[in-house]
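Residue numbering for the sequence shown follows my numbering, starting at 2 and increasing by one per position.
Quick reminder that beta carbons are idealized off the backbone N, C-alpha and C, glycines included.
Before any comments, here is the structure.
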Amino acid sequence: MIFHIYKGDASISSRLHFQKTIPTIKKHKIVDNLKYLDFKLFKYSGDNSVFIFHQHAMLLNLIMVYFFCMVKMIKVRIVFDVHDLNEIKYNKTVKSYVFFSMIFALEFIVFKLPGVRFITVSKGLSRLLWLKYNKKVPVVYNMSDDIDLLSCCKYNNQKRIVYFGQINQNRLPLDLLVELLSGGYSVDIYGYFSGCTSSYEFEFERLKNECKLMFKGRYSPDNIGDLIRVYDFSLIYFDDDRLNIKFCMPNKLLQSLSLGVPVIISEGLFEIYNTLSLSGFIYSFDDLTLNKGMSKCIDYNCLEAKLNKMKNVSIKNFTSCIGEV
């Protein structure tokens, strides 16, 4: 059995959704909504089990299960899925420094434990982890389980944009929404409010009532394809200059591209530009404001070849990591 260990609600995780679709000998089981140290994980410890610990929040549980199985001489495979680098986010408070320091110590311990395997989300993060720990960390991209570039509605000048994910000033700035709406674009938003102020929510509601802005609520990873394919563009924005952002490869990006939907991205997303810009499916905000949307040359063959290569690499690295190659 492959146990995916997750702190929050795993039902909204597109990364878990893709990993569960990879053909494996073992079955997948989600263990989510856990505490930072949760002793109920002991009951899942059995010979030949695979534990995949997602996120830094589960490092303490990883260490606990590792030593429990070592003492009990239970043969298990333990994997740490590094979703992000350990960086201080937007608000540099005493609490954030304490949390950063604790995670730094736990991560250092985990990377020194013999036998623990690692995977991560992009080549950039893989290289940084190699430089930091001298440890090989294979890439498992946040791929869509279905690549069908011809299934979407092609660009027809209706200027329909969709956004999926967290809703706050850093991910979806109000001035950006105003600019898009003023340019004649309609914006549909799926997601949830996270870490935003009351004034942000108030202005968001005002835009929703006065402009072509639609809030659709939460979404499920298993039906996101049906939602994306009817739009002309997907939107990914980060008002953030951390390394995590520079080298990110978001699941919403790859899900959109897998359905042939071009993606509008903010500046500073180095790995996305470096990996996928030649396909013509990656747009900057300048492309929109200069009306390049209809004239930009897109290459379906280039994109399909790149996505298939990324998917095959991901499947190979994942099955190797859990011990099935």
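If I measure Cβ to Cβ from residue i and keep anything under 6 Å in the same chain, skipping five residues before and after, which residues do I get?
i, result
"TYR37", "LEU61"
"LEU85", "First, the residue type needs correcting, since residue 85 is Asp and not Leu in the sequence shown. Correct list, in chain order: ASN245."
"ARG78", "VAL51, GLY324"
"LYS317", "none"
"PHE319", "ILE23, VAL141"
"TYR186", "LYS160, ILE162"
"SER127", "THR121, VAL138, VAL140"
"LEU289", "none"
"MET134", "A small fix is needed here, since residue 134 is Tyr in this sequence, not Met. Once the five neighbours on either side are set aside, the close Cβ partners of TYR134 are PHE112."
"PHE4", "LYS30, VAL32, TYR45, PHE52"
"CYS298", "GLY281"
Provide the residue(s) that pair with residue i in DSSP beta bridges, ordered along the chain.
i, result
"PHE119", "PHE81"
"LYS30", "PHE4"
"VAL140", "THR121"
"ARG161", "SER187"
"SER195", "The partner list for SER195 (beta bridge, DSSP) is empty, contrary to what the question assumes."
"GLN329", "The requested residue 329 does not occur in the structure, where the chain is confined to residues 2 to 326."
"PHE234", "ILE162"
Tell me which same chain residues have a C-beta within less than 8 Å of the C-beta of residue i, skipping the five on either side of it?
i, result
"CYS303", "LEU279, SER280, GLY281"
"LEU132", "none"
"TYR98", "ILE89"
"LEU129", "LEU86, LEU244, PHE248"
"ASP39", "ASN62"
"ASP240", "GLN170, ASN171, ARG172, PRO174, SER267"
"LYS28", "MET2, ILE3"
"LEU73", "It is Lys, not Leu, that sits at residue 73 in the sequence shown. Correct list, in chain order: SER46."
"SER321", "PRO139"
Assuming residue i contacts residue j under a Cβ cut-off of 8 Å, what Cβ separation, rounded to an integer in Å, is found between them?
i, j, result
"HIS57", "ILE104", "5 Å"
"LEU260", "ARG230", "5 Å"
"PHE19", "MET144", "5 Å"
"ASN252", "ARG16", "6 Å"
"VAL179", "TYR164", "Contact doesn't hold; Cβ gap of about 14 Å is too wide."
"LEU1", "GLU202", "Residue numbering for the chain in the displayed model covers 2 to 326; residue 1 lies beyond these limits and cannot be assessed."
"ILE148", "GLU305", "7 Å"
Among the residues of its own chain, which have a CB less than 7 Å from the CB of residue i, if the five just before and after it don't count?
i, result
"ASP33", "TYR7, GLY9, ASP10, ALA11"
"ASN87", "HIS57, PHE101, ILE104, PHE105, GLU108"
"PHE81", "PHE54, LEU63, VAL111, VAL117, PHE119"
"LYS217", "ASP189, ILE190, TYR191"
"LEU181", "ILE162, VAL188"
"ILE273", "MET250, LEU254, ILE266, ILE283"
"ASP146", "PHE19, THR22"
Is the Cβ of residue i closer than 8 Å to any Cβ of chain D?
i, result
"ARG78", "Protein chain content of the structure displayed is limited to a single chain, and chain D is not contained in it."
List in chain order: all unbroken alpha helix (DSSP H) runs of 4+ residues lying wholly within the stretch 198-230.
As summarised for the stretch 198-230, the continuous alpha helix (DSSP H) elements at least 4 residues long and confined to that stretch are 199-211, 225-229, given in chain order.
Beta strand (DSSP E) segments (min. 3 residues) lying fully within the stretch 34-91:
With a minimum length of 3 residues, the continuous beta strand (DSSP E) runs that stay inside the stretch 34-91 are 50-55, 77-83.
Are the stretch 120-133 and the stretch 248-265 in contact at 8 Å, needing three or more beta carbon pairs?
Note that the stretch 120-133 touches the stretch 248-265; at least 3 beta-carbon pairs, one per stretch, sit closer than 8 Å.
Mind the definition here: the stretch 234-244 touches the stretch 263-274 only if three or more C-beta pairs lie below 8 Å; say whether that holds.
Contact between the stretch 234-244 and the stretch 263-274 is present: 3 or more CB-CB pairs across the two stretches fall below 8 Å.
Measuring CB atoms only, is the stretch 36-50 touching the stretch 102-118, in the sense that at least three cross pairs come out at less than 8 Å?
No, the stretch 36-50 is not in contact with the stretch 102-118.
Counting pairs of beta carbons, one from the stretch 169-182 and one from the stretch 190-202, are three or more of them closer than 8 Å?
Judged by Cβ distances under 8 Å, the stretch 169-182 makes contact with the stretch 190-202, as three or more pairs qualify.
Inter-stretch contact at 8 Å, needing at least 3 Cβ pairs: the stretch 204-222 / the stretch 137-145:
Put simply, the stretch 204-222 does not touch the stretch 137-145. Fewer than three CB pairs are less than 8 Å apart.
In the stretch 241-326, which residue ranges form an unbroken beta strand (DSSP E) of at least 3 residues, counting only runs that do not cross its ends?
Counting only runs of 3 or more, we get 264-266.
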